[in-house]
Every structure is written in structure tokens, then in C-alpha cells.
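Below: one structure, written as C-alpha cells.
Numbering (this note's numbering), first residue to last: 589 to 663.
This is the structure in C-alpha cells:
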């Protein structure tokens, strides 16, 4: 930041920030892909291993990891 203030090195600063955004975005995409894989794995396992299967229940467990009490009434 000092170089930006003193020398007007905006291009280097912008490239640094854009590189950080790109790296974070790639990591986030990887995390999302892993979550999607886990979701599908659990859906298939529960469907194969149990007599009950509720896609809504599984989706809510993944998207709302701390379920609300009222959730049981919705499903």
C-alpha cells in the first residue's frame, strides 16, 4: 500500500488483488464441488440403505446444518 501511495503503483496493486480473488474463487469452487459430491453420496447411500428417503430432509441437512425446530413440520 505504501508503494501505491508514494509511487502510484496501482497496476501492481490491482494485479495482486485480482490474483488473490482468482485463487480464492478457485478454492471456493473446489469446496462447492466437494459439498455437491458429498450431498449426492449421502442421497444415494440413504436411498439404498434405508426404507425411508426424504430428499427434502437431506437437502435441509446440507443447506441448514443447524435445523430449526419448525423444520420437522415442513418436511
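Every residue gets a Cβ at the ideal spot worked out from N, C-alpha and C, and that includes glycine.
**Asked** By DSSP, does residue 640 sit in helix, in strand, or in coil?
**Response** Three-state result, residue 640: coil.
**Asked** residue 639 to residue 605, Cα distance in whole Å?
**Response** Rounded to the nearest angstrom, the gap between the Cα atoms of residue 639 and residue 605 is 51 Å.
**Asked** To which residues of the same chain is residue 630 closer than 7 Å at the C-beta, ignoring the five residues directly before and after it?
**Response** The residues are 646.
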